[in-house]
Amino acid sequence: MDLTNEDVTDILALLDSLPYDELDLQTSRFRLVLRRTPDGWTQSVQTRSAPDALDVSPAGVAPGAPPGSPADTDGADKTEVAAEVPSEETEAGTGGADAGAELVAVRAPLPGTFYRAPRPGAAPFVEVGSRVGPDTVVGIVETMKLMNSVAAGVAGTVAEICLGNAEFAAHGATLLRIRTD
Amino acid sequence: MLIIRRLLIANRGEIAVRVIRTCQRLGIETVLAVSEPDADSVPARLADRTIRIGAGGLADTYLSVEAVVGAAIAAGADAIHPGYGFLAENPRLARACEAAGIVFIGPSAEVLEAAGDKLAARAHAVAAGLPVLPGGLVGAGGLADAGALAGRIGYPVLVKAAGGGGGRGLRAVRNAADLEHAVAVASAEAQAAFGDPRVYLERYVSPGRHVEVQLLGDGQNVIHLGDRDCSVQRRYQKLIEEAPAPLLGETLRVSMRVAAVALGLQLKYQGLGTVEFLVDTQRAAFYFLELNARIQVEHPVTEAVTGLDLVAEQIAIAEGRGLRLSQASVSFCGHAIECRINAEDPAAGFRPSPGTVTGVVFPAGPGIRVDTHIQAGSAVPPQYDSLLAKLVVTGADRVQALARLRGALARCQVAGVATTLPVLSRLVDDEEMTTGGVDTGWLERRLGRWLEPGPGLEPALGPALEPGLEPGLEPALGPALGRGEAGG
Amino acid sequence: MQLVDVSLRDGNQSLWSATGLRTEHILQIAPVLNRVGFRALDFCSSTAMGVAVRTHREDPWQRIRLTRAAMPDTALQFIGTGFRFISWERAHPDVMRLVYQRLVAAGISRFVVLDPTHDMSAVLATARIIRQAGGTEIIAALTYTISAVHDDAFYAGIAGQAAASRDIDRAYIKDPAGLLTPERARTLIPAVRARLAGKPLELHAHCTIGLSPLVYLAAPGLGVEVLQVACGALADGSSLPDAERTVANLREMGHTVTVDDRLLAKAARYFDRLAAAESLPSGRPRPYDAAFTRHQLAGGVLTTLRRQLAEIGLEDRFGAVIEEVTQVRAELGYPIMVTPFPQMVMGQALSNVLSGARYSVVPDQVIRYVLGSFGKPTAAVEPWVLDRIMDRPRARELAAEPPPPSVAELRRRLPRGITDEELLLRFGMPGEEVDAMLAAAPAGRHYHPEVQPVLRLLRELGSRPPARRLVVDKPGFRLELRGRGSGARS
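In order, the protein sequences belong to chains A, B and C. Going by my numbering, the residue at position 73 of the first sequence is 60; the numbering climbs one at a time, nothing skipped. In my numbering, each residue's number is its place in the second sequence (first place is 1) plus 3. In my numbering, each residue's number is its place in the third sequence (first place is 1) plus 1.
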């Protein structure tokens, strides 16, 4: 469950009378910073968790998902709907590189622990901004002591790293996003 | 009765976050419909799952009944929450849901039609015994009709679109010479916004206050959840709302609440709805304006003074439960004020200021609630509305609420886009605001004075924040709203 | 197959001494529990209401109301044991009538009638009172134990008596000590069902020695319609079988169980996180313990005993007390080891061990028990024990005690103008405890397990000298505090 307004109220109720001016709480899902000012407290909340996108979409299979993916169950419904909706203009370049390029999710092939580097202490495979090709290894998912390397699958630039090192990745969880060329 | 297990939220921004929060508490799985620009938004991160409804424009995404219902079916959702604006009051969506066996969180298509057609709504109000402003439809006779009608009503009159609200197709006319032009323009705007060129005339009451009553019904029983004052508006867009409406005589307040419930009963209203009234302060009279058949932006002030969760109540009604509150069980405590913080540049005529938020700080403390969808790094795309956050402050009474609000506004900081924060700060400091009961023309008169060219313009608006993006950007934000959104 | 969840009452009582859960813990998860699809929740008992007032200073009636408001689709159950409300004193039927009326008004619709001595006339009298008070579903408890007297015919007999009443809707076999074996179940359950005249049978068996999950597997085939389970940290151990595991096993055997798996998991993980945040123990599957079939002390009783002995530095006498329990139970005529009897038997066993001279110190409850205040003991009390107990001034006092006060009498004795709910609390508890509850702030309504460590730390910091910078760094959690003037950015 995510942090609610009541939780912040509870924290402040205790914090207010303590001789501290700043509280910085970080979990894998959120970051909360509370600061005391002469007029009262301020809050800054950052929701960190990556969105969990369904592999189905009303206009057809989402980009980046392999064909015949397990979530692709409503085939009949989708084709019906697809007939009515204009097909998703995924590759359309409607303007500059930003507007037209596609953001592709790289997903965990199996549930397990996500590692960003080949060995503890080694440099990560990629960082934000790294250029990748379809076969570039971008991470490892360790499942039951077996290491599964994860390839980018597309050519492009790493736009976002969605999961931290040694964090648990559910099956299909988004590990990184790549901006395709 | 059914239990909703998976809800598709067919909206974005702060209302998407709002609905997700209640669903998390209730254990309802949320699937958020997202367009491409919203795929990594804060609500997308909070929802259990997201589902893409396309990369196209509004018409193909949030305004597309097919895309939304298709998403709900593909996601296996049992219900759709339409939020406000977009398709929230669209009978086509309600019907498509029914056809697909999906629960639509809102009233029936028939009630949506009755409320959406402003003239039909007027007729229902009259049937329920509510006072309405003298007025009538401009009939087939066109201008001659209009002239005669206006003559009967008496100038000034307001020309209004019959097919929708939210400030579109609205023109004030002070004398007969301006009538022809006003009717033509309003009709064209109405056609563009709602696909329906019909206009009607109503007496223009000024000064007036916009006071609305919140309703909750289950189709048989209807109760009210108090009133709200939304008179602080700029071009029919609300900036500040409060509950309860201040400086309203008890008799008037009670009459309005009774009238609102009567209309709800007349329509066998199911779900959340708001009856908007125009209050003629000089005559202590009130007139029915319109019925909004959706949850409104300003619902938090009602939640603050009643202790209720309105989204949870909506969901309960949609599940087929009878009203679980009686009028007697609803109690009111304290005073709440909401400020809408928009990505608009007040120093540039409130030009929309899309871009990327680079930093966000909001106040925290007793009586302070912030409903927002932005955080550092959030995109504020140009094609959607400019609402960044709602600051809702509660106090034991209005004086305390205002005092808290001033301190709270002072602690708001949004960097990366221009916002209306400086204007809000000035507004809540204003003497007339402190007294309360300002009319709907008050804000524009104030702004007129503050924005008069002259020395000291910049400091008068508060510290300058980083301007938004490219100059020459079309003011695209306002009209991109769906039917009925802008007013609430 | 349907399920009844006991986490909030029996789970809390078995594993957390009935004191672990507060109103806010319950209200937070109530909307989710409502949607799982349980047939009912074992929610409340006289003991639980007393704990709410005494330990947490929370209004137990308000807790029921708020929970009911958050759980419109799942029935809430109250379990009542005999003519008593919170205190050990016997209550007047009028008072019990008022108790049940107030419970129904607050939102309880399902009632279990449990008579510790299986005095069926008392059970049916209580059931009548509950029905008249508005109880929708009334369940007769058949409490399982092992003794010469409690054979299949015995249980079939009382089942028949219960089923004959219009005020009893169904029955359940309650196994508080987890003694029922699959073998015994195969004869007991059919014998009971044969006399229930079609009324449904539920099963509620604790996992104390690891048997009940196996009994649960056999139960559907024997005609049991509802299994009672608990969730997450509140399951297993001396509590009831784990809900998720039970559902998985039932489905594995081809049975249909209609619950929302996602929400069941959500509820279970919530209790897990709550247990971690509050440093409460999680139930764990238990090994089979043959000695247990002798002393038969149910769940929470053992936990409480260990705690009480530890508090007075006598935890090493735990084994001796358990041995004495077996002896005392036999001497007192084999009371069924369900509240209040385990406490009573153990109280006497503890006295015997600590005082060194058996039955030299006798608690009031034991005196009342032999006087027959709890109903006629199932078997006779050992004559020499009876003599020792009765031959004391206190026994004569209690024997001469006036009958319990009626409601009218209570209204005369207690301050005027108080609500019936307050009156009933004042009847069952010391006035100071009720005063303290009424004076306390209203109970919280939300609870976030992950925020608790932060709140706890902040509370502790109040008594420590201020630091300039404080960092707590754990996997998945990092908290930093900066003191005044430490350069905190404003």
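Built from N, CA and C at the ideal position, the CB exists for glycine as well.
1) Tell me the DSSP secondary structure of Glu312 (chain C) in three-state form.
2) How far does the alpha helix (DSSP H) with Trp385 (chain C) in it extend, from its first residue to its last?
3) Compare the C-alpha of Glu203 (chain C) against each of C:Glu253, C:Arg69 and C:Asp43 and name the closest.
4) Run through DSSP, which three-state label would Tyr101 (chain C) get?
5) Got a sec? Which residues, its chain only, sit under 7 Å from Gly139 (chain B) by beta carbon, not counting five neighbours each side?
6) Can you pull out the residues from the stretch 31 to 42 of chain B whose beta carbon lies closer than 9 Å to at least one beta carbon of chain C?
7) State the Cα-Cα distance for the pair Leu189 (chain C) and Tyr156 (chain C), rounded to the nearest angstrom.
8) Would Pro32 (chain C) pass as an interface residue toward chain B - the criterion being a Cβ-Cβ separation below 8 Å?
9) At a CB-CB cut-off below 9 Å, which residues of chain C make contact with Leu313 (chain B)?
10) If you drop the 5 nearest sequence neighbours on each side, which residues of the same chain put their C-beta closer than 7 Å to that of His127 (chain B)?
11) Report the three-state DSSP secondary structure of Leu96 (chain B) (helix, strand or coil).
12) Can you check the stretch 189 to 219 of chain C for any beta strand (DSSP E) of at least 3 residues that lies completely inside it and give the ranges in chain order?
13) Asp41 (chain B): buried (16+ other C-beta within 10 angstroms of its C-beta) or exposed?
14) Would you check if the stretch 186 to 201 of chain C and the stretch 313 to 332 of chain C touch, i.e. whether three or more CB-CB distances between them fall below 8 Å?
15) Got a sec: is the Cβ-Cβ distance from His302 (chain B) to anything in chain A below 8 Å?
16) Could you work out which residue in C:Gly21, C:Phe319 and C:Pro73 is closest to Arg36 (chain C) when comparing CA atoms only?
17) Within this structure, are the beta carbons of Gly119 (chain B) and Gly167 (chain B) separated by less than 8 Å?
18) Counting only C-beta atoms, is Arg48 (chain B) closer than 8 Å to chain C at any point?
19) Quick check: Val34 (chain B) and Ala62 (chain B), are their CB atoms within less than 8 Å of each other?
20) For Val364 (chain B), report the span of its beta strand (DSSP E) as first-last.
21) Going along chain A, which residues have a C-beta under 8 Å from Thr53 (chain B)?
22) Can you give me the start and stop residues for the beta strand (DSSP E) that Leu181 (chain C) sits inside?
23) Residues of chain B with CB closer than 7 Å to the CB of Asp74 (chain C), please, in chain order.
24) Along chain A, in chain order, which residues have C-beta atoms closer than 9 Å to that of Gln365 (chain B)?
25) Tell me whether Arg483 (chain C) is buried or exposed, calling it buried when 16 or more other Cβ atoms sit within 10 Å of its Cβ.
26) Under 8 Å between C-beta atoms, does Leu394 (chain B) make it to chain C?
27) Using a Cβ-Cβ cutoff of less than 7 Å, which residues in the same chain neighbour Pro57 (chain A) once the five nearest sequence positions on both sides are dropped?
28) By the 8 Å beta-carbon criterion, what residues does the stretch -9 to 20 of chain A contribute toward chain C?
29) Looking at chain A, is there any beta carbon in it that lies within less than 8 Å of the beta carbon of Leu482 (chain C)?
30) Under three-state DSSP, which class holds Leu4 (chain C)?
31) Do you know whose CA, among A:Leu12, A:Val128, A:Glu154 and A:Asp39, lies nearest Val473 (chain C)'s CA?
32) Which residue from C:Val96, C:Pro117 and C:Arg389 puts its Cα closest to that of Glu410 (chain C)?
33) Can you give the Cα-Cα distance for Val501 (chain B) and Arg212 (chain B), rounded to whole angstroms?
34) Tell me which same chain residues have a C-beta within less than 7 Å of the C-beta of Pro96 (chain A), skipping the five on either side of it?
35) For Arg485 (chain C) versus Pro6 (chain A), is the C-beta distance shorter than 8 Å?
36) What separation, rounded to the nearest whole angstrom, lies between the Cα atoms of Leu427 (chain B) and Leu405 (chain B)?
From the atom records:
1) helix
2) Pro384 to Met391
3) Checking every option, the nearest Cα to that of Glu203 (chain C) belongs to C:Asp43.
4) helix
5) Leu152, Tyr203 and Leu204
6) Ile31 and Glu32
7) 8 Å
8) yes
9) Within 9 Å Cβ-Cβ: nothing; Leu313 (chain B) doesn't reach chain C, min ~15 Å.
10) Ala117, Leu266, Gln269 and Leu270
11) helix
12) 202 to 206
13) buried
14) no
15) no
16) C:Pro73
17) yes
18) no
19) no
20) Gly362 to Ala367
21) Pro38, Asp39, Ala40 and Leu41
22) That residue, Leu181 (chain C), is in no beta strand (DSSP E); it is neither H nor E in DSSP.
23) Per Cβ cutoff of 7 Å: Ile6.
24) Position check: residue 365 (chain B) holds Phe in this sequence, whereas Gln was assumed. Those are Thr29, Gln30, Ser31 and Val32, listed as they occur along chain A.
25) buried
26) no
27) Residue confidence is low: Pro57 (chain A) scores 35 on pLDDT, short of 50, so the model does not pin down where it sits. No coordinate-derived value is stated.
28) Thr(-9), Glu(-7), Asp(-6), Asp(-3), Ile(-2), Leu1, Leu2, Ser4, Leu5, Pro6, Tyr7, Asp8, Glu9, Leu10, Asp11, Leu12, Gln13, Thr14 and Ser15
29) With a threshold of 8 Å between beta carbons, Leu482 (chain C) makes contact with chain A.
30) strand
31) A:Leu12
32) C:Val96
33) Only positions 4 to 491 of chain B appear in the structure, and residue 501 (chain B) is not among them; the question remains open.
34) Cβ neighbours of Pro96 (chain A) beyond the five flanking positions: Val128, Asn135 and Val137.
35) yes
36) 12 Å
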